[in-house]
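Chemist: Numbering (numbering that gives the first Met the number 0), first residue to last: 0 to 459. Before anything else, here's the structure in question.
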Amino acid sequence: MVRRERTDDASATDRSNRRAVLKALGAAGTVGLGTLAGCTTADGGDGDGGDSGDGGDSGDGGDSGDSGDGGDSGDTGGTTQGTPEPSIGTVNYGVLNPMTGPYAALAEQQRQGARLAVNWVNESDEFDFEIEATYGDTRAETEAGQQAATRAIQQDDADFLMGAISSSVALGLNTIALDQEVIYNPGGAAIPITGSQCNEYVFRAETNTAQNARGSAIWTMENLGENIHFHIADYAYGRSVLSEWRKLLEPEGFNEVGVTRADLGETNFDPYISEISNTDADVVVVGSTGGDLVNFIRQAHSAGLKDQMDIMTTAGTFQSIRAGVGETGYGVYGGTRYVYQIETGDNQEFVSRFRDEYDGNPDNFARVAFDSIRMTAHGIQEAGTNDPTEVKDVLPDLEVPSLFDPNNFRACDHQATNPIWIGQNVEPDEGETPAVNLITKREGADVIPPCGETGCDMGS
Numbered sequence: 000m001v002r003r004e005r006t007d008d009a010s011a012t013d014r015s016n017r018r019a020v021l022k023a024l025g026a027a028g029t030v031g032l033g034t035l036a037g038c039t040t041a042d043g044g045d046g047d048g049g050d051s052g053d054g055g056d057s058g059d060g061g062d063s064g065d066s067g068d069g070g071d072s073g074d075t076g077g078t079t080q081g082t083p084e085p086s087i088g089t090v091n092y093g094v095l096n097p098m099t100g101p102y103a104a105l106a107e108q109q110r111q112g113a114r115l116a117v118n119w120v121n122e123s124d125e126f127d128f129e130i131e132a133t134y135g136d137t138r139a140e141t142e143a144g145q146q147a148a149t150r151a152i153q154q155d156d157a158d159f160l161m162g163a164i165s166s167s168v169a170l171g172l173n174t175i176a177l178d179q180e181v182i183y184n185p186g187g188a189a190i191p192i193t194g195s196q197c198n199e200y201v202f203r204a205e206t207n208t209a210q211n212a213r214g215s216a217i218w219t220m221e222n223l224g225e226n227i228h229f230h231i232a233d234y235a236y237g238r239s240v241l242s243e244w245r246k247l248l249e250p251e252g253f254n255e256v257g258v259t260r261a262d263l264g265e266t267n268f269d270p271y272i273s274e275i276s277n278t279d280a281d282v283v284v285v286g287s288t289g290g291d292l293v294n295f296i297r298q299a300h301s302a303g304l305k306d307q308m309d310i311m312t313t314a315g316t317f318q319s320i321r322a323g324v325g326e327t328g329y330g331v332y333g334g335t336r337y338v339y340q341i342e343t344g345d346n347q348e349f350v351s352r353f354r355d356e357y358d359g360n361p362d363n364f365a366r367v368a369f370d371s372i373r374m375t376a377h378g379i380q381e382a383g384t385n386d387p388t389e390v391k392d393v394l395p396d397l398e399v400p401s402l403f404d405p406n407n408f409r410a411c412d413h414q415a416t417n418p419i420w421i422g423q424n425v426e427p428d429e430g431e432t433p434a435v436n437l438i439t440k441r442e443g444a445d446v447i448p449p450c451g452e453t454g455c456d457m458g459s
């Protein structure tokens, strides 16, 4: 069991002073990155002082690092007697998306969802602050992601970060968040992000691989067959899928026919598909996403694999995946995190505004970005400050609105409690992009793993 918190007894003021010193050091500071498999250490550990992140005044440098422009957390000596209490001020969010590389098609939706969340918060009377967002490109590379995050913190005064789709990149940003004391909302789904490599500054609105597996694995065995072959993208996300499915299915007595692993970004899946087709599998479970999954499904269709066995995916019902595979995706199953048609929370208002803004329907990645920022915004409002060292103590277990009805970041691991649907791609009424037939739903409380099984324990 891992509990990743700072071990010193410093108060929030002490931590903010540390951030102020780091900011003053500028480029001379160094991020003390921990060792991560596949992660490259990034320099530039000058935090942004815990200030409001709006590039404005930061007080006299002797306070807790909060800004003196209305973004203070109440520890800068208060206001003159008779003067109204200031508003929270400006909140700077660094939005980091893989705009280039294998996740570029998914990243566009993630960025659009983030922009809509920023506008939503800024136009709402619920919040005593405005968000100012800056944008960076993580690509699908850990080092690039860490560099983008460091730039957002150092150059744009970001105290809050959202983004990444690659789980390996997200794990790298976890470390940045802890070292720099900024709140981070990951877009990656691997369980270690809020599991064995969790920390007190990471709050995830994305549905993780354990939730997806708990909503899909037993259904797959009972409805598609117990002879299962796994094909994964060989990085953090794919490995997490394999681990979680095995954990759930082994007690049920399933038969693991085999495992194939492809490098992230692979384009030729013929050798893997040939190997899979020569097994007695009832179903192949595919743990990949983005261009990797699109290419796998297309090539599996061409090879006739769907005539031999069912294909269950962890991401195959994503709108961007369906658009990429077209009619070759008919019949593919997926553990479904989100489709725009669902009637939960204020999702339909979100869909309407997304259509007005972008002339299309939102995907899961837009949903994740939107909920990440809006859920965190409610924590900022509740805390009454834009200081992440204080917001992080208010957010856990705080019930806030989400597109999935009232939701929260669970206290023990900061994972949102999201539902899962089983869906199947089917022929649409018009066009070639598959529609999704939702077969069954499992509620968030039923699919989130017990705190004791996640590898993270930050208390209850």
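Using N, Cα and C, we set each Cβ at its ideal position, and we do this for glycine too.
1. Apply the 10 Å Cβ neighbour rule to L372 and answer buried if 16 or more other Cβ atoms are within range, or exposed otherwise.
2. Beta-carbon within less than 7 Å of T259's beta-carbon, same chain only, minus the 5 sequence neighbours each way: which residues are those?
3. With a threshold of 8 Å, are at least 3 pairs of Cβ atoms found where one atom belongs to the stretch 395-412 and the other to the stretch 102-112?
4. Classify S165: buried if its beta carbon has 16 or more other beta carbons within 10 angstroms, exposed otherwise.
5. Quick check: D362 and F317, are their CB atoms within less than 8 Å of each other?
6. Rounded to whole angstroms, what is the Cα-Cα separation between S167 and G187?
7. Of all the options E107, P97, G443, which has the alpha carbon lying nearest to the alpha carbon of A147?
8. Can you find the residues in the same chain that come closer than 7 Å, C-beta to C-beta, to A36, ignoring five residues on each side of it along the sequence?
9. Verify whether the separation of the beta carbon atoms of R203 and I217 is less than 8 Å.
10. According to DSSP, is F126 helix, strand or coil?
11. Using the rule of at least 16 other Cβ atoms within 10 Å of the residue's Cβ for burial, across every protein chain shown, is T439 buried or exposed?
12. Following the continuous alpha helix (DSSP H) through I217, name the residue where it begins and the one where it ends.
13. Could you pull out every residue in the same chain whose Cβ sits closer than 6 Å to the Cβ of G73, ignoring the five residues on either side in sequence?
14. Are the beta-carbon atoms belonging to V94 and P387 less than 8 Å from one another?
15. Can you tell me whether E452 is buried or exposed? The criterion is at least 16 other CB atoms within 10 Å of its CB, across all chains shown.
16. Can you list, in chain order, the stretches of the beta strand (DSSP E) that have 3 or more residues and sit fully within the stretch 326-381?
17. Where K391 and E326 are concerned, what is the direct C-alpha to C-alpha distance, given to the nearest angstrom?
18. Alpha helix (DSSP H) containing Q298: first to last residue?
19. Can you check which of these residues, A106, D127, S86, is closest to G135 by C-alpha distance?
20. Determine contact between the stretch 411-421 and the stretch 330-347, defined as no fewer than three beta-carbon pairs at a distance below 8 Å.
21. Span of the beta strand (DSSP E) holding E255?
Modeler: In this structure, then:
1. The question names Leu, but residue 372 in the sequence shown is Ile. Under this definition I372 is a buried residue.
2. H230, Y271, E274, I275
3. no
4. buried
5. The Cβ atoms of D362 and F317 sit closer than 8 Å to each other.
6. 8 Å
7. P97
8. Residue confidence is low: A36 scores 32 on pLDDT, short of 50, so the model does not pin down where it sits. No coordinate-derived value is stated.
9. no
10. coil
11. Its Cβ having fewer than 16 others within 10 Å, T439 is exposed.
12. 208-222
13. Low local confidence applies: a pLDDT of 37 at G73 is under 50, so the model's placement there is unreliable, and no value is given.
14. no
15. Residue burial annotation: E452 is exposed, with fewer than 16 other C-beta atoms found within 10 angstroms of its C-beta.
16. 332-335
17. 45 Å
18. Element bounds for Q298: 289-301.
19. A106
20. These segments touch.
21. 254-261
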